[in-house]
Amino acid sequence: MYINGCEKNYQLILQPDWIPSGRSWKVETLLNKNSRFLRNGALTIEYGFYIEAVEGTNDVWNFNFYDRLYGRPNELEMITFTKKGVCENLYSHKQILSFHSPCFKDETYEFEDDYKTMERFLQIAHGVKLDIIIAHFPGVLNIAERFQMRNVFHFCERQLIEDNDERIWVGTSHQFRMALALNLTHYLTHLLKHLKPEEQLKDIMEDVEIDEMSGDCMKICVKYFFDK
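If you count the sequence shown from 1, you need to add 2 to reach our numbering.
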């Protein structure tokens, strides 16, 4: 909170159950014509709120990437993600992203991905345990691959494996293509273990570009054939 005539801004980080309040002043002091608080006979009070996180579904807190970082005038500490044709930017702590990947050396990055997909990527990159539907994994993983964010890869792969909901097994061919295209070796092994008899791997592989498979995925598939 800032009151004109006061040389210092007062800042306070609020807990969820706290009430916003500033420094206490006596009314007669503020309205005294000889005081430094009146400017042209008027008292000006400025205040603002910065939202650092928002509680989402399942009691999971999500970071606020829509506002510039609070109390960080140094642009070198912040990364701005811009999307062509979209007025809103996304802002992230540079130190957190740089810790996981050497790709974040600049202060501004332009992306062409879906806006919400980029936000999901940033949430996971910052350690938020998002519960996302399977249709959103490819977009998030593609961004993670581009920025070499292994922590995002590990989270998504682990969630795919641990989620035993029936939706995972809808369109198995699609799941295999995703695992092979993104080199999700642990997820690929998991899919092979749960492959139903009527869903032969050779039929699924007909829809896959063999030349584009990684060496690790190729070895896993070959081992599966020999074990059968």
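No residue lacks a Cβ here, since even glycine has one placed at the ideal position from N, Cα and C. Remember, predicted model here, so these are calculated numbers, not experimental data.
Cα separation between K85 and C219? 34 angstroms
Alpha carbon of F157 to alpha carbon of T191, nearest angstrom: 16 angstroms
Helix, strand or coil at K1 [DSSP, three-state]: Since the displayed the chain opens at 3 and closes at 230, residue 1 lies outside it and no answer follows.
Excluding five sequence neighbours on each side, which residues of the same chain lie with their C-beta closer than 6 angstroms to the C-beta of E90? none
Check for me: the beta strand (DSSP E) holding E57 runs from which residue to which? Counting along the chain, the beta strand (DSSP E) containing E57 begins and ends at A55 to E57.
Could you tell me which of A55, Y72, N60 and T59 sits nearest to N66, measuring between CA atoms? A55
Which residues in the same chain as E159 place their Cβ atom closer than 6 angstroms to its Cβ, once the five residues preceding and following it in sequence are excluded? L186, H188 and Y189
What does a CB cutoff of less than 7 angstroms around L143 pick up in its chain, not counting 5 residues either side in sequence? F155, C158 and L184
Out of curiosity, what's the CA-to-CA distance linking F228 and K221? 11 angstroms
With which residues is Q41 paired in a DSSP beta bridge? Contrary to the premise, residue 41 reads as Arg rather than Gln in this sequence. According to DSSP, R41 bridges with A44.
Do H102 and N42 count as a contact pair if the criterion is CB distance below 7 angstroms? no
By the three-class DSSP mapping on this structure, what secondary structure does L124 have? Looking at L124 - three-state DSSP - the assignment turns out to be helix.
Which term fits L33, buried or exposed, when burial requires 16 or more other beta carbons within 10 angstroms of its beta carbon? exposed
For S94, does the three-state DSSP call read helix, strand or coil? Looking at S94 - three-state DSSP - the assignment turns out to be strand.
Rounded to a whole number of angstroms, what is the C-alpha to C-alpha distance between V62 and S37? Distance between the alpha carbons of V62 and S37: 48 angstroms.
Residue from M120, Y68, L203 and K195 whose Cα sits closest to the Cα of M151: M120
What number of angstroms, rounded off, separates the C-alpha of I145 from the C-alpha of E214? 19 angstroms
Does the beta-carbon of R148 have 16 or more other beta-carbons within 10 angstroms, so that it is buried, or is it exposed? exposed
Span separating the alpha-carbon of E164 from that of N64: 22 angstroms
Just the Cα atoms here: how many angstroms apart are D19 and L92? 28 angstroms
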